[in-house]
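Numbering (this note's numbering), first residue to last: 169 to 835. Here a beta-carbon is modelled for each residue, glycine too, at the ideal position from N, C-alpha and C. From a predicted model like this one, the values you see are computed outputs, not experimental measurements. Only one structure is covered here, and it is reproduced in the block below.
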Amino acid sequence: MKFLGSIGIWLVVPCVALYSQCPVGDFNLPTNACAQELLLIDNLSTSASSQTWDFCSGDLSNLPQAETSFILSGANGRPGVEFAKDGNTWFGFVTGTWSNTLYRIEFANGTNNLPTFTENLGDLSGKLNNPGQVRIIRENNQWYGFVHNTASGELLLLNFGNSLSNSFTVSTIFSGIGSTNSGFDLDKDPVNGWVCIISTASNQFNIIRLGNTFATPGPSDILTSSQVPGQNNLGDIDLINICGAWYGFADNLGNGNIYRLDFGSNLFSIPTITQTAALTAGNPGRLRIAKEGEEYFVFVIALDGTLTKLEFGTDISSSPVIVMEGNVGNVLQTNTYGLALAKENSEWTILVVSQSNGQVYHVKYPNICAATPMVSNQINPEVRYTQAGVYHVSLESFYNSVGTSIKTKTITVSPALAPDINFNSANVCVNNSINFTSQNASGNITNYDWSFGDAGTSAQQDPDHLYSTAGTYSVGLQVTASNGCTNIATPKDLIIYNQPVADFNIPVVSPICTNQEYLFANSSTFDALSNPTWEWRLNGVLVSNDQDLMQQFSATSSQEIRLKALIPGCENEVIKNIASVQIGPQTDFSFSNSCQLTPVDFTNATFGDVTDYSWNFGDGNTSTHTNPTNTFQNSGVFQVTLLTTNALGCQNSTEKTITIYSNPQTN
169 MKFLGSIGIW
179 LVVPCVALYS
189 QCPVGDFNLP
199 TNACAQELLL
209 IDNLSTSASS
219 QTWDFCSGDL
229 SNLPQAETSF
239 ILSGANGRPG
249 VEFAKDGNTW
259 FGFVTGTWSN
269 TLYRIEFANG
279 TNNLPTFTEN
289 LGDLSGKLNN
299 PGQVRIIREN
309 NQWYGFVHNT
319 ASGELLLLNF
329 GNSLSNSFTV
339 STIFSGIGST
349 NSGFDLDKDP
359 VNGWVCIIST
369 ASNQFNIIRL
379 GNTFATPGPS
389 DILTSSQVPG
399 QNNLGDIDLI
409 NICGAWYGFA
419 DNLGNGNIYR
429 LDFGSNLFSI
439 PTITQTAALT
449 AGNPGRLRIA
459 KEGEEYFVFV
469 IALDGTLTKL
479 EFGTDISSSP
489 VIVMEGNVGN
499 VLQTNTYGLA
509 LAKENSEWTI
519 LVVSQSNGQV
529 YHVKYPNICA
539 ATPMVSNQIN
549 PEVRYTQAGV
559 YHVSLESFYN
569 SVGTSIKTKT
579 ITVSPALAPD
589 INFNSANVCV
599 NNSINFTSQN
609 ASGNITNYDW
619 SFGDAGTSAQ
629 QDPDHLYSTA
639 GTYSVGLQVT
649 ASNGCTNIAT
659 PKDLIIYNQP
669 VADFNIPVVS
679 PICTNQEYLF
689 ANSSTFDALS
699 NPTWEWRLNG
709 VLVSNDQDLM
719 QQFSATSSQE
729 IRLKALIPGC
739 ENEVIKNIAS
749 VQIGPQTDFS
759 FSNSCQLTPV
769 DFTNATFGDV
779 TDYSWNFGDG
789 NTSTHTNPTN
799 TFQNSGVFQV
809 TLLTTNALGC
819 QNSTEKTITI
829 YSNPQTN
């Protein structure tokens, strides 16, 4: 996986079966809308593994702004600059050619802001030798950096492990290729693995195969291109893959020529080199390729402080329109050389570095956007535009086996304000009336169009609707205002449940007696997610809202027990009776906590006629005495139970906890 041209787009190359045709993404978007109108965008792309929406694409056509940002005093000579995003944090890497320095910069708040941390990594223990371009890639969830030593032509490999914030090891892959003004880039070819392209002093390119493991190349792993047209002093290069075809763009430091390299489907091949433009701003330094929406751009910075933008439209093989952004409001000064781009959400950042004093400039293309949200990763997103204007919506779809697809469409938003609209509903029970209530503050709605998700519709403001089958239904509401604007409420999924059927089990004991608590187990049937509420009534009096009922009786008359199950919109009740209740003893006893091996006296406090007592002390001992004594051999907490029986057959019981302490050990 390669970080493509430092513009914040990941190109999944290792698993790309580079087909002859691009995957085609598409979506539905109205051509016109009113301000504040909710737009539900229908993604028509198929088989995409993920997607990114930009609702205000086209920033690179705006007028740029620049500001003097910060200084890296050692970033002089022919600085290389690279952006890379690791998780939620952006990193920048900048080289200093004459000072043999590498900087690592952290942008925790995004690349449009000042760095939150800057680290001078020095000369990497003497490994740097006039470093030029730097590149950062990610492969198999591991981060790697490449630095080109222009003096010796060495290519250094930096191994960061799983995070760009880690310390790293440095090794040399090869040497002897390059020159002071060399540029280089590398990408992964599905056949040959990683391939590095380096410009040379002889105005040619060396194409170097590194394979899948960044191995030292042999003689058969190095190809040399023909010389560039109008040769003078070949400089930087950047690569891009479009639907399986590899392209590169390079500049000429000596005369301002811009070249396109066409590799075809195999990056490890001799490219066709075409001069595609000639810049009037002389001595270009670094350049980068960018893609926004369906359009391609190349940005070039020159030593005289001029930023140039080449616009290729949707065809990267076409002749570009050359846009001279100049020194961007007299901010960019002479001796600018380093250049990198990043796109975070919908905003672009260009970092420009001076070769004389390490001054860093931020160049920004304003994100003139009135969309909420500006970006989304949803399959079928929602968006509102709060202000009138013409907006470009881009969908970038990612395909695991094919690559990426970008589709852009345009929408015109009028200044007329769409009516606000929302709705809520009450009740969720099948075959019972569901009440829908619209919510609107503007007061200018003339038409309502309800869709209940079961083919039912209504034109009423606050309709009722009955669902004949339980299930999940997507309910939508579209309204029209007196100014002609329409709007829709956010669709809501409404779950309709079957009516619960109440039931419970009467305790299987005989007789049922007073002064004893009994469990009435709820055995109602209901839909799993319906979460009924419960009402237990004893002789018409509400006694509990728990799912199960624990209840004792104080009278010997017959008892009526009702259980009602309720969900919004419906309820069901069952009634059961207990014919008679016998008088049972009121079982009770008392004791005092004690120590192990000390007799404990239990005082029976039971009220009522009793024929039999049965004690269980929780330690294995039992008794049938009225007021027994028990000696606990061990310390701990024990459950003591007293079961009493009377002549009517009532067996009532009570349970209490006793704490037995360990004896102190003398010493």
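Can you check which of these residues, V596, A627, D622, A623, is closest to S606 by C-alpha distance? Here the question's residue 606 lines up with position 438 in the sequence shown. When each option's Cα is compared against that of S606, the closest is A627.
Spatial distance of G290 from H560 (CA atoms): Position 122 of the sequence shown holds residue 290. Position 392 of the sequence shown holds residue 560. Their Cα atoms are separated by approximately 44 angstroms.
Straight-line Cα distance separating T701 from I602: By one-based count along the sequence shown, residue 602 stands at place 434. By one-based count along the sequence shown, residue 701 stands at place 533. When rounded, the distance between both Cα atoms is 19 angstroms.
With burial defined as no fewer than 16 other Cβ atoms inside 10 Å of the residue's Cβ, what is the status of Q555: buried or exposed? Mapped onto the sequence shown, residue 555 falls at position 387. It counts as exposed.
According to DSSP, is S692 part of a helix, a strand, or is it coil? As a working note, residue 692 is residue 524 in the sequence shown. In the structure shown, S692 sits in coil (DSSP, three-state: anything other than H, G, I, E or B).
If you run the structure through DSSP and keep just helix, strand and coil, what is S229? Stepping through the sequence shown from its first residue, residue 229 is reached at position 61. Here S229 sits in helix by DSSP.
Assuming contact is defined by CB atoms lying nearer than 8 angstroms, are K660 and V643 in contact in what I supplied? What you label residue 660 is simply residue 492 of the sequence shown in a count that begins at 1. What you label residue 643 is simply residue 475 of the sequence shown in a count that begins at 1. In contact: K660 and V643 (Cβ atoms closer than 8 angstroms).
Is DSSP giving C183 helix, strand or coil here? Against the sequence shown, residue 183 aligns to sequence position 15. Legend: pLDDT at C183 = 34, less than 50; position of this residue unreliable, value from coordinates given subsequently. In this structure, C183 counts as coil in the three-state DSSP scheme.
L407, enclosing beta strand (DSSP E) - first and last residue: Residue numbering aside, residue 407 sits at position 239 when the sequence shown is read from its first letter. Counting along the chain, the beta strand (DSSP E) containing L407 begins and ends at 402-410.
Own chain residues within Cβ distance below 6 angstroms of Q301, not counting five before or after: Stepping through the sequence shown from its first residue, residue 301 is reached at position 133. Once the five neighbours on either side are set aside, the close Cβ partners of Q301 are G248, H316, G351, F352.
L810 versus D787: straight-line alpha-carbon distance, rounded: For this step, residue 810 is matched to residue 642 along the sequence shown. For this step, residue 787 is matched to residue 619 along the sequence shown. Distance between the alpha carbons of L810 and D787 is about 14 angstroms.
Near G193, what residues of its chain come up, given a Cβ to Cβ distance below 6 angstroms and the 5 sequence neighbours on each side ignored? For the purposes of this step, residue 193 is taken as the residue at position 25 of the sequence shown. Here the set comprises S213, L563, S565, S573, K575.
Look at the alpha carbon of D756 and the alpha carbon of G776, and state the distance between them as a whole number of angstroms. Counted from its first residue, the sequence shown places residue 756 at position 588. Counted from its first residue, the sequence shown places residue 776 at position 608. Whole-angstrom Cα-Cα distance: 11 angstroms.
Please classify D714: does DSSP put it in a helix, a strand, or coil? As a working note, residue 714 is residue 546 in the sequence shown. Here D714 sits in coil by DSSP.
Evaluate G652 with the Cβ neighbour count: other Cβ atoms within 10 Å of its Cβ, from every protein chain shown; 16 or more gives buried, anything less gives exposed. Against the sequence shown, residue 652 aligns to sequence position 484. Classification of G652: exposed, given that the 10 Å Cβ count is below 16.
Looking at the secondary structure, which residues open and close the beta strand (DSSP E) in which H793 lies? What you label residue 793 is simply residue 625 of the sequence shown in a count that begins at 1. First-last for H793: undefined, no H or E at that position.
Can you check which of these residues, G571, N590, T654, is closest to A584 by C-alpha distance? Your numbering for residue 584 matches position 416 in the sequence shown. Of the candidates G571, N590, T654, the one whose C-alpha sits nearest the C-alpha of A584 is T654.
The beta strand (DSSP E) spanning Q527 covers which residue range? Here residue 527 is taken as the residue at index 359 of the sequence shown, counted from 1. 527-533 is the span of the beta strand (DSSP E), which, as asked, contains Q527.
Give me the DSSP bridge partner(s) of C364. Residue numbering aside, residue 364 sits at position 196 when the sequence shown is read from its first letter. DSSP lists L354, I376 as partners of C364.
Once DSSP output is grouped into helix, strand and coil, what is the label at S388? Sequence index remark: in the sequence shown, residue 388 carries index 220 (1-based). Helix, per DSSP.
Between S650 and T614, is the Cβ-Cβ spacing less than 8 angstroms? Here residue 650 refers to the residue found at position 482 of the sequence shown. Here residue 614 refers to the residue found at position 446 of the sequence shown. Yes, the pair counts as a contact, with Cβ atoms nearer than the cut-off.
In its own chain, which residues sit with a C-beta less than 6 angstroms from the C-beta of G450, not counting the 5 before and 5 after it? Stepping through the sequence shown from its first residue, residue 450 is reached at position 282. Closer than 6 angstroms at Cβ, skipping near neighbours: G424.
Quick one: Cα of L292 to Cα of S335, how far? Here residue 292 is taken as the residue at index 124 of the sequence shown, counted from 1. Here residue 335 is taken as the residue at index 167 of the sequence shown, counted from 1. For L292 and S335, the distance between alpha carbons rounds to 11 angstroms.
Could you pull the start and end residues of the beta strand (DSSP E) that W266 belongs to? Numbered from its first residue, the sequence shown carries residue 266 at position 98. Segment: none, W266 is in no beta strand (DSSP E) and carries neither H nor E.
Which of helix, strand or coil does DSSP assign to V249? Here residue 249 is taken as the residue at index 81 of the sequence shown, counted from 1. Reduced to three states, the DSSP call for V249 is strand.
Name the two residues that bound the continuous beta strand (DSSP E) containing N738. For the purposes of this step, residue 738 is taken as the residue at position 570 of the sequence shown. The question names Asn, but residue 738 in the sequence shown is Cys. Unbroken beta strand (DSSP E) run through C738: 738-746.
Please name the residue in I729, T682, Y505 whose C-alpha comes closest to that of N673. What you label residue 673 is simply residue 505 of the sequence shown in a count that begins at 1. Among I729, T682, Y505, the Cα nearest to that of N673 is on I729.
Report yes if the C-beta distance between T199 and T580 is below 8 angstroms; otherwise report no. For the purposes of this step, residue 199 is taken as the residue at position 31 of the sequence shown. For the purposes of this step, residue 580 is taken as the residue at position 412 of the sequence shown. For T199 and T580, yes; Cβs fall inside 8 angstroms.
Given a cut-off of 8 angstroms on the beta-carbon distance, is the pair L391 and I341 in contact? Counted from its first residue, the sequence shown places residue 391 at position 223. Counted from its first residue, the sequence shown places residue 341 at position 173. No, the Cβ-Cβ distance between L391 and I341 is not below 8 angstroms.
According to the Cβ coordinates, are S267 and G294 closer than 8 angstroms? Mapped onto the sequence shown, residue 267 falls at position 99. Mapped onto the sequence shown, residue 294 falls at position 126. No.
G432 - containing beta strand (DSSP E), residue span: As a working note, residue 432 is residue 264 in the sequence shown. Unbroken beta strand (DSSP E) run through G432: 425-432.
I'd like the span of the beta strand (DSSP E) that includes T836, first residue to last. Because the chain here runs from 169 to 835, residue 836 falls outside it and cannot be looked at.
Exposed unless 16 or more other CB atoms sit within 10 angstroms - verdict on Y415: If you number the sequence shown from 1, residue 415 lands on position 247. The residue in question, Y415, is buried, as its Cβ has 16 or more Cβ neighbours within 10 Å.
What separation, rounded to the nearest whole angstrom, lies between the Cα atoms of S520 and D404? Start at 1 with the first residue of the sequence shown, and residue 520 comes out as number 352. Start at 1 with the first residue of the sequence shown, and residue 404 comes out as number 236. In the sequence as presented, Ser is not what sits at residue 520; that position holds Val. Distance between the alpha carbons of V520 and D404 is about 15 angstroms.
Per DSSP, cross-strand counterpart(s) of I490: Mapped onto the sequence shown, residue 490 falls at position 322. BP columns for I490 point to L478.
How would you write the range of the beta strand (DSSP E) that P583 sits in, first residue to last? Within the sequence shown, residue 583 is the residue found at index 415, counting from 1. Looking at the DSSP string, the run of the beta strand (DSSP E) that includes P583 is 571-585.
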